[in-house]
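J.: One structure coming up, written as structure tokens, with questions to follow.
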Amino acid sequence: MGGFPILSLMLAVPLVAALACLFLEAKAARQVALAATLVDFALGVVLWANFDIGGAQWQFTERLEIFQGFSWALGIDGIALLLIELSVFLMPICIGASWNSIDKRVGEYMAAFLLVETLMIGVFAAQDLFLFYMFFEAGLIPMYLIIGIWGGADRIYASYKFFLYTLLGSVLMLVAMLWMVHTAGTTDIPTLMVYDFAPQAQTWLWLAFFASFAVKMPMWPVHTWLPAAHVQAPTAGSVILAGVLLKMGGYGFIRFSLPMFPEASALFAPLIWGLSMAAVVITSLIALVQHDMKKLIAYSSVAHMAIVTIGLFAFNVQGLEGSMMVMLSHGLVSGALFLCVGVIYDRLHTREIDRYGGLSINMPRYALFFLLFTMASIGLPGTSGFVGEFLSLGGIYQASTWTALVCTTGIILGAAYMLYLYRRVAFGEQKNADAAAMPDLDARELLMVVPLALAVLWMGIYPESFLAPMRADIAALDARLARAAPAGDSKPTAGKPASQHQAGPAHEEVAAPEGAH
Amino acid sequence: MDWSHSLRLIAPEETLSVVGLVLLLVAAWGGDKASRLISILAVAGLVAAGFLVAPALCHGAMGPDTSAFFGQFRADAFASFGKILIYLSAAVTLVVAPAFFERVGAMRAEFPVLVVFAALGSGMMVSAGDLMSLYIGLEMNSLASYVLAAFLRTDGRSAEAGLKYFVLGALASGILLFGMSLTYGFTGTTSFDGISAALAGGLSHGAVFGLVFILAGLAFKISAVPFHMWTPDVYEGAPTPVTTFFATSGKVAALGLTMRVVLGAFGNQAGAWQQIVVFIALASIVVGALGAIGQRNIKRLMAYSSINNVGFILVGLATGTQAGASAMLFYSAVYVAMTIAGFVAILSLRDDAGEPVEDIRSLAGLWKTRPGLALALMVVMFSLAGIPPLFGFWGKFLVFRAAVDANLMALAFIGFAASVIGAFYYLKVIKVMYFDEPADVVKGETDLWHRIILIAACVFISPLGFLLSRWLGGLTDTAAAALFFGS
Chain V
1 MGGFPILSLM LAVPLVAALA CLFLEAKAAR QVALAATLVD FALGVVLWAN
51 FDIGGAQWQF TERLEIFQGF SWALGIDGIA LLLIELSVFL MPICIGASWN
101 SIDKRVGEYM AAFLLVETLM IGVFAAQDLF LFYMFFEAGL IPMYLIIGIW
151 GGADRIYASY KFFLYTLLGS VLMLVAMLWM VHTAGTTDIP TLMVYDFAPQ
201 AQTWLWLAFF ASFAVKMPMW PVHTWLPAAH VQAPTAGSVI LAGVLLKMGG
251 YGFIRFSLPM FPEASALFAP LIWGLSMAAV VITSLIALVQ HDMKKLIAYS
301 SVAHMAIVTI GLFAFNVQGL EGSMMVMLSH GLVSGALFLC VGVIYDRLHT
351 REIDRYGGLS INMPRYALFF LLFTMASIGL PGTSGFVGEF LSLGGIYQAS
401 TWTALVCTTG IILGAAYMLY LYRRVAFGEQ KNADAAAMPD LDARELLMVV
451 PLALAVLWMG IYPESFLAPM RADIAALDAR LARAAPAGDS KPTAGKPASQ
501 HQAGPAHEEV AAPEGAH
Chain F
1 MDWSHSLRLI APEETLSVVG LVLLLVAAWG GDKASRLISI LAVAGLVAAG
51 FLVAPALCHG AMGPDTSAFF GQFRADAFAS FGKILIYLSA AVTLVVAPAF
101 FERVGAMRAE FPVLVVFAAL GSGMMVSAGD LMSLYIGLEM NSLASYVLAA
151 FLRTDGRSAE AGLKYFVLGA LASGILLFGM SLTYGFTGTT SFDGISAALA
201 GGLSHGAVFG LVFILAGLAF KISAVPFHMW TPDVYEGAPT PVTTFFATSG
251 KVAALGLTMR VVLGAFGNQA GAWQQIVVFI ALASIVVGAL GAIGQRNIKR
301 LMAYSSINNV GFILVGLATG TQAGASAMLF YSAVYVAMTI AGFVAILSLR
351 DDAGEPVEDI RSLAGLWKTR PGLALALMVV MFSLAGIPPL FGFWGKFLVF
401 RAAVDANLMA LAFIGFAASV IGAFYYLKVI KVMYFDEPAD VVKGETDLWH
451 RIILIAACVF ISPLGFLLSR WLGGLTDTAA AALFFGS
């Protein structure tokens, strides 16, 4: 691409469209928003096509020294690339999901969404610590407005909780960033990623970053803003919240906490394992007893994010790759599930599970797609959910067998609550006449779910497309972490394969002890 | 010492004095009919004075050449920076005031004259090089301000504000004078350089008392906790344009003066005042944030917000470093823009009958009746809360960066955490404007000049302001270097 500033362009397109939407009436605002997100998606495709796998670690770099104290520095590696792709892929779908269901203050709504898109891409593309912080933190403003203006009954409480929780986490991180820049003398993220802070200082820095990322992630026990925000947000708000905003926490860990503070990460790994184990079991059990569909999926998100954190803190390639795959897959699948909830919510205006039933009779196409996404959420082989969870759990197995044991129950519990949900909504008798009279998916809804379904299957059947761009970056991170890997309770010993089996790819080696388990 | 040199250095003050006196005569003969003309001329005078001080800032004037009348008065880059902010705020006040006063039928010819004299006094405060000139500038500003606070003579709240301001201001002046006399008694000089030299060997008990009393008096002027009690009453009671003036020009002047005294005269005794300043800063942040939560009147809310923001600015002072001083100036500049935008927006809040609306609940659903105004107020509120990417964030960022660089980690930590409390009440205003059902109270149009100023200020505090950050940062660095020259 030469020196063409494609990342800046990707940031500018939704921003300009957002400003335009503020001044447009409803119909035009929808069209402008859709056009802008599609243009950004096209740019995203160009970005991926031009991304040189195995080339330089940081590509598409731009740097402008136009600010005091920080610079406009953008650039992506494979990890950032995939998360940007996820964002630009989900955005047109979000706009489509709000096409009819949002009928008041449409221009402002579309403007807020486009602003969110700009900020999300900015978070993943920023190469300057403070530029990152600005994008990271600025996302609060549009999300606060989206939840507060277009949310459901308890929207005010949810919007406050979301804003103040995440703000408190972030300001602590900012203090840590100030100290890092003071000590290291640079705001450049790639430089800081290889800078060795004193282990003593790392402990404090890690905790400050943890305060922010744990809230954004969200990790148990600071996850309570998530169900509140999800239930109250409009469908597209939930999709974007679950699909991309939650990834900021995981991205933060993988970009900052792990490479910048490896020793402290090792020190606190047992804490993460403990919290993740608690999260998987507790939130899965909570999900099991929910009557509200969105709450159920929100709690399942917390459980899935716990799989991400254990993968990250497994300190090996499988775990890191797995957690990235879980993040991507969760972005698609939970987004799709919220979309499925939105589809029937638009028809009946309730999220109460008991108000539905037997939808497979009158909405067969809907039931098919809902089943696919349910299975992907459980982690059925062949869907995207399987790849990530398997790699993550395989990774943690090498670090801590106990953690792997407890977290694997999440798969079983996940199957329990998702299948229970599916049975109550799609199968059984048609108890309610109004639910039985609902029409099946229309063309607009099909246009939204079909791409998601294809992506889920693609990622499940041929994950190499997604693993390849980030392989070198994960390997570099793994090398950086090698000096600090924590002492786990796992003592895997290599098996003695018969001589005719040549050593297969790395994943299969992991699979052996996991399978025996 | 050469008199003509000194007289050249105080050219802006001379200009303003002459303008003020001539306009006073015009007012005496022309009466209230001439008030528009007088306002325009006063603005012209302030702009001219602004152009006179600008070169010192651009050329980074500092050192002995900038010292007039045997060190009584300094016309260096630091003073220029403060004066530009002060003159700008005064000019904005004069531009927005006529519409307000004419609506209540209280526009008087003295108003622009008083604002010019207050600005003159404020300018002298940031130029002070001696306890004497400090006091003259302070009183000149204060006396004009007392009258301005009570300018709506028929309004009980305005009269109350004026009286409260006067009584408490006089008390603070007394405390300040007492501190100055102690300092003079124990150092034998009133010049800042002399005090600094006399204290180089260490601080005697008497001088400590002097320092504490001076700090208390100054804390009153910048409305820092625990001397903040007058602020909400005066801000609420004073006519809104006057409140704008107090919150911008008065604040910058008092902060500049505080920096002169603390970093200049007592600069080599950081150990003696650092703890006090840290306490004042944190107390202001916390009290300002907590006090604002229960407020229903938006002007009172802005008063607590100003207490809160002064706390953040003082974080820069607590560092005692040049970077800290630069950050304070930067924050002050941004704060002036935010305050102007905030109060001009408040000025535009009027009901059917043209009466000003101050109750926050009446703002409900403002997005529907006045979308532009609601957007402006939202930008101001998020900026005051310090949420990136608005420019208010960068002010907070710089003072805390200075604090971290000076190894005041605990201060930075607590200060930042307390800023989350502050975010709560700013969010409340946004919530009322955007989430609640329309109350349909606010009607009417924004006046043309109000609109221009509001848009300009909002663009400055929007993310576009960051494009100016290098330039503004360069200016504040120069100004701070002038303050620290020779120390």
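For the protein sequence lines, the chains are V and F, in the order given. Read in the numbering used here, the first sequence has 420 at position 420, and its numbers run on one by one without any break. Read in the numbering used here, the second sequence has 172 at position 172, and its numbers run on one by one without any break. A virtual CB, placed ideally from N, CA and C, is assigned to each residue, including glycine.
Helix, strand or coil for Met1(V)? Go by DSSP, reduced to three states.
T.: Residue confidence for Met1(V) is low, a pLDDT of 45 falling below 50, so the modelled location carries little weight; the figure read from the coordinates is stated next. Reduced to three states, the DSSP call for Met1(V) is coil.
J.: Assuming Gly75(V) is part of the beta strand (DSSP E), what are its boundary residues?
T.: Gly75(V) -> beta strand (DSSP E) spans 72 to 76.
J.: At the 7 Å Cβ level, is Ala7(V) part of the contact set with chain F, yes or no?
T.: With the sequence shown as reference, residue 7(V) is identified as Leu, and Ala is not the correct amino acid for it. Taking Cβ atoms only, chain F never reaches closer than 7 Å to Leu7(V), which makes this a no.
J.: Tell me which residues share the same chain as Phe213(V) and place their Cβ nearer than 7 Å to its Cβ, disregarding the 5 neighbours each side in the sequence.
T.: So the qualifying residues of the chain are Gly249, Gly252, Phe253, Ser257.
J.: Run through chain A and tell me which residues come within less than 7 Å of Asp405(F), C-beta to C-beta.
T.: Judged by its chain identifiers, the structure shown contains no chain A, and its protein chains are V and F.
J.: In terms of DSSP beta bridges, what is Leu64(V) paired with?
T.: DSSP, once it has assigned bridges, lists Trp72(V) as partnering Leu64(V).
J.: Looking at C-alpha atoms only, which residue of Leu468(F), Glu445(F), Val420(F), Arg470(F) is the closest neighbour of Ala168(V)?
T.: According to the sequence as given, residue 168(V) is Leu; it is not Ala. Comparing Cα positions, the closest option is Val420(F).
J.: Could you check how far apart the C-beta atoms of Ile79(V) and Asp473(V) are, in whole angstroms? I think they sit under 8 Å.
T.: At roughly 5 Å, the Cβ-Cβ gap stays under 8 Å, so Ile79(V) and Asp473(V) are in contact.
J.: How long is the line joining the alpha carbons of Phe400(F) and Val357(F), rounded to whole angstroms?
T.: Looking at the two C-alpha atoms, the distance is approximately 36 Å.
J.: Does Trp179(V) get closer than 7 Å to chain F when you measure Cβ to Cβ?
T.: Closer than 7 Å to some Cβ of chain F, the Cβ of Trp179(V) qualifies, so yes.
J.: Looking at C-alpha atoms only, which residue of Phe67(V), Ala97(V), Leu413(V), Ser384(V) is the closest neighbour of Ser469(F)?
T.: Cα-wise, what sits closest to Ser469(F) is Phe67(V).
J.: List, in chain order, every chain F residue whose beta-carbon is nearer than 8 Å to that of Tyr133(V).
T.: Pro388, listed in chain order.
J.: Can you confirm whether the segment 134 to 145 of chain V touches the segment 403 to 418 of chain F when touching is taken to mean that 3 or more C-beta pairs between the two stretches lie within less than 8 Å?
T.: Contact fails: fewer than three Cβ-Cβ distances are below 8 Å.
J.: Nearest to Met124(F) by CA position, among Gly210(F), Tyr165(F), Ser196(F), Glu14(F), is which residue?
T.: The candidate whose alpha carbon is nearest that of Met124(F) is Glu14(F).
J.: Can a CB atom of chain V be found closer than 7 Å to the CB of Phe466(F)?
T.: Taking Cβ atoms only, chain V reaches closer than 7 Å to Phe466(F), which makes this a yes.
J.: Please report the straight-line C-alpha distance between Glu514(V) and Leu285(V), rounded to a whole angstrom.
T.: A caution first: Glu514(V) carries a pLDDT of 42, below 50, which makes its placement in the model unreliable, though a value can still be read off. Going by the C-alpha atoms only, they are around 24 Å apart.
J.: Sort Gly71(F), Leu152(F), Leu16(F) by Cα distance to Asp193(F) and report the nearest one.
T.: Here the closest residue by C-alpha is Gly71(F).
J.: Report, in whole angstroms, the separation of the C-beta atoms of Thr190(F) and Met132(F), which I expect to be a contact under 8 Å.
T.: Their Cβ separation, rounded to whole angstroms, is 6 Å, which keeps Thr190(F) and Met132(F) in contact under 8 Å.
J.: Alpha carbon to alpha carbon, how far is Gly354(F) from Leu164(V)? Give it in angstroms, no decimals.
T.: When rounded, the distance between both Cα atoms is 37 Å.
J.: Would you verify that the beta carbon of Phe420(F) is, or is not, closer than 7 Å to some beta carbon of chain V?
T.: The amino acid at residue 420(F) is misidentified as Phe; the sequence shows Val. Yes, contact with chain V.
J.: By how many angstroms is the C-alpha of Ala91(F) removed from the C-alpha of Ala49(F)?
T.: Going by the C-alpha atoms only, they are around 11 Å apart.
J.: On the premise that Ala298(V) lies in contact with His230(V), defined as a C-beta separation below 8 Å, what is that separation, rounded to the nearest angstrom?
T.: Right, the Cβ-Cβ distance comes to about 4 Å (below 8 Å), so this counts as a contact.
J.: Can you tell me whether Val387(V) is buried or exposed? The criterion is at least 16 other CB atoms within 10 Å of its CB, across all chains shown.
T.: That one is buried.
J.: Which residue from Trp206(V), Leu454(V), Ala233(V), Val239(V) puts its Cα closest to that of Ile156(V)?
T.: Cα-wise, what sits closest to Ile156(V) is Ala233(V).
J.: Which residue from Arg105(V), Ala112(V), Ile76(V) puts its Cα closest to that of Met91(V)?
T.: Residue Ala112(V) is the option with its Cα nearest to Met91(V).
J.: Please identify, using Cβ separations under 7 Å, the residues of the segment 51 to 75 of chain V that lie next to chain F, in order along the chain.
T.: Residues Ile66, Phe67, Gln68.
J.: Have a look at the DSSP bridge pairing and note the partners of Gln269(F).
T.: Gln269(F) pairs with nothing; no bridge assigned.
J.: Can you give me the C-alpha to C-alpha distance between Gly185(F) and Leu207(V), rounded to a whole angstrom?
T.: For Gly185(F) and Leu207(V), the distance between alpha carbons rounds to 51 Å.
J.: Determine the chain F residues that contact Leu145(V) at a beta-carbon separation under 9 Å, and present them in chain order.
T.: Ordered by position in chain F, the residues that pass the 9 Å Cβ test against Leu145(V) are Met378, Ile430, Tyr434, Phe435.
J.: For Gly250(F), go through chain V and note every residue whose CB falls closer than 8 Å to its CB, in chain order.
T.: Ordered by position in chain V, no residue passes the 8 Å Cβ test against Gly250(F), which lies about 27 Å from the chain.
J.: For the segment 161 to 175 of chain V, list every residue whose C-beta sits within 8 Å of some C-beta in chain F, in sequence order.
T.: Those would be Phe163, Leu164, Leu167, Leu168, Val171, Leu172, Leu174, Val175, in chain order.
J.: Nearest to Ser17(F) by alpha carbon, out of Val262(F), Ala402(F), Phe117(F), Arg74(F)?
T.: The shortest C-alpha separation from Ser17(F) is found at Phe117(F).
J.: Would a C-beta distance cut-off of 7 Å place Ala283(F) and Ala457(F) closer than the cut-off?
T.: No, the Cβ-Cβ distance between Ala283(F) and Ala457(F) is not below 7 Å.
J.: Using 7 Å as the limit for Cβ to Cβ distance, is Glu117(V) near chain F?
T.: Closer than 7 Å: no.
J.: Throw me the rounded Cβ distance for the Val242(F) and Ser332(F) pair, which I believe falls under 8 Å.
T.: Incorrect: roughly 20 Å between the Cβ atoms, too far for contact.
J.: Check whether the Cβ atoms of Gly121(F) and Asn141(F) lie closer than 7 Å to each other.
T.: Yes.
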